[in-house]
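Residue numbers (this note's numbering): 1390 to 1526.
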């Protein structure tokens, strides 16, 4: 795989990651809403966690070198954070042993936060570096 093809593949995976973020963000925010969290949030969260984990694994498996490897590794870290946030939000919202501390932490959830922004910024940097020929179709 040429350097250009590696960069284009990285950009495509980052496109997938960015596309998965809105639903993951909604799940985390829904877990922080007052009152009982609907079971559909648990189902959606489980699906999103699997999607995020799959993209992160495909990023890990992507053969890139140099600065592209640095970008890939940063993407894996940021996507792993998104996955962790979804799982932690679900754990807080659907614990069998809720206590005051758990509920206080749960009610502070409001989305993926700044690391999600950094992943989208990384996607834009990689897209620019890949050039117009690597734009998503």
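All C-beta atoms in this analysis are idealised placements derived from N, C-alpha and C, irrespective of residue type, glycine included.
With a 10 Å radius around the Cβ and a threshold of 16 neighbouring Cβ atoms, residue 1474 comes out buried. Taking a cut-off of 8 Å for Cβ pairs, the region 1431 to 1446 and the region 1496 to 1509 do not touch, as fewer than three such pairs fall below it. Residue range 1489 to 1496 is occupied by the alpha helix (DSSP H) that includes residue 1492.
A straight-line Cα-Cα distance of about 15 Å links residue 1412 and residue 1403. Taking the Cα of residue 1467 as reference, the smallest distance to any Cα among 1497, 1409, 1396 is reached at 1409. For residue 1392, the secondary structure class from DSSP, reduced to helix, strand or coil, is helix. Per DSSP, the continuous alpha helix (DSSP H) segment holding residue 1504 begins and ends at 1503 to 1519.
Where residue 1440 is concerned, the enclosing alpha helix (DSSP H) starts and stops at 1428 to 1450.
Assigned with DSSP and collapsed to three states, residue 1484 falls in coil, not helix or strand. Between residue 1515 and the set 1461, 1451, 1452, 1426, the nearest pair of CA atoms involves 1461. Judged by pairs of C-beta atoms under 8 Å, the region 1429 to 1438 touches the region 1476 to 1494, as three or more such pairs exist.
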